[in-house]
Structures are given as C-alpha cells and as structure tokens.
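A.B. asks: Residue numbers (my numbering): 2 to 198.
Glycine residues also receive a C-beta, built at the ideal position from the N, C-alpha and C atoms.
As the structure is a prediction and not an experimental result, all values here were calculated from the model.
Before anything else, here's the structure in question.
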C-alpha cells in the first residue's frame, strides 16, 4: 500500500501539468487502439492518467471505456474532460483492485507499465478482467532505452517506477494466460500484445 501511495502522490503532483499538454491525434495512439481490437467492445485503460487514449478507443469503435488510475487528480481531470461521454467512466484505484463481472474485450496499458511495480499481480488482474478471446496491449510511445533514460534522468524513485526490460523478459508472466502475437522493441515504440487463452 505504501508503494501505491508513492505512485499516486507522484502522479497527483503532475496531473495539472500533464492535463495542459495533452498531445493531439497521434498515429501511435491510434495504432495502439487498433491493436487492442476494441471495435464494439469494452476497453479497460489501466494507468489512464488524464484520459489521453480514450478518444482513440472511441474512434476505433469501442462501445464502453473504463479508465483506471491510482492518481485521484489524474482521474478527476479525465472525468472533467469526458463528462459528456455516456459510455466512458473513470475509477480511481489500482488495476488489481478492479471488480467487474462482465469482463472486458481489451485491456490496454499505455505509457504506464513501468509504474506498475508488481508485474505478476498486473498479469493476474488482466487474466481475471479480460474475457477469453479478448486482448491485452502493453505499449509505450517511445523506445525502451529512452523510457529508462528518462526515468533515470528525472530521478524517478524505484518506489514509483521500475526498469522496462526486454520484451522477451517482460512477456514471460503474460504467456501463462495469453498467446503473445505482437512484439515491438524499437527506438520510437515499445509494445507487446496478445489474446486471452
């Protein structure tokens, strides 16, 4: 719980700044939404922040989007931003604490995976939340080396972030529940994805 509080405090302190510098339409974000295969499905956006990806899921045809983030300030800004969207809601909690009986067609973690310190717990949550045949996508809009350098340069504590490892290492716990079908570890993009067994 202390680690979650550290992560929430870190991102609560950045919510205002990040809400003011949201990027416009991004081909990377559109590609991530397409990779999630969210047309006519329910999408859960883990580590949603201020809702950067929501418009991309909706443009890809998602019928419902649930954003989840541990930082209450990020969630507050996302709620305000999408207040008029009836098929979008946000929850301020850890993805591992989400309870949902219906299940999701896609779970996406965009630009947030290094801040989810207990990877095995995240995998277990994904396996519980994603319906059989549904998809998960882990993606970052920059390359692994750049992400790790950024966190080191910003002196991001190991109680807030962990090193993003090679895809071969990161996918190991996911292979228990998902068939991995996408792996990209390039200078400008990092992603792996798969389908629920």
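Grab me the residues of residue 37's own chain with a C-beta within less than 6 Å of its C-beta, minus the 5 sequence neighbours each way, in chain order.
C.D. replies: By 1-based counting over the chain shown, the position of residue 37 is 36. 107, 109, 136 and 138.
A.B. asks: Return helix, strand or coil for residue 96, following the three-state DSSP convention.
C.D. replies: Taking the first residue of the chain shown as 1, we reach residue 96 at position 95. DSSP places residue 96 in helix when its eight states are reduced to three.
A.B. asks: Which of helix, strand or coil does DSSP assign to residue 141?
C.D. replies: Reading the chain shown from its first residue, position 140 is the one you call residue 141. Strand.
A.B. asks: By the 10 Å Cβ neighbour count, where 16 or more other Cβ atoms means buried, how is residue 217 classified, buried or exposed?
C.D. replies: With the chain covering 2 to 198 only, the question about residue 217 has no answer from this structure.
A.B. asks: Report yes if the CB atom of residue 117 is closer than 7 Å to the CB atom of residue 123, and no otherwise.
C.D. replies: Position 116 of the chain shown, counted from the first residue, corresponds to residue 117. Position 122 of the chain shown, counted from the first residue, corresponds to residue 123. Less than 7 Å separates the beta-carbon of residue 117 from that of residue 123.
A.B. asks: Quick check: what's the CA-CA separation for residue 165 versus residue 141?
C.D. replies: Here residue 165 refers to the residue found at position 164 when the chain shown is read from its first residue. Here residue 141 refers to the residue found at position 140 when the chain shown is read from its first residue. Cα to Cα, residue 165 sits roughly 10 Å from residue 141.
A.B. asks: How many angstroms separate the CA atom of residue 175 from the CA atom of residue 78?
C.D. replies: To locate residue 175, count along the chain shown from 1; it is residue 174. To locate residue 78, count along the chain shown from 1; it is residue 77. Rounded to whole angstroms, residue 175 to residue 78 spans 31 Å at the Cα level.
A.B. asks: Note the first and the last residue of the continuous beta strand (DSSP E) segment covering residue 110.
C.D. replies: Numbered from 1 along the chain shown, position 109 holds the residue referred to as residue 110. Taken as a continuous stretch (DSSP letters only), the beta strand (DSSP E) holding residue 110 covers 105 to 111.
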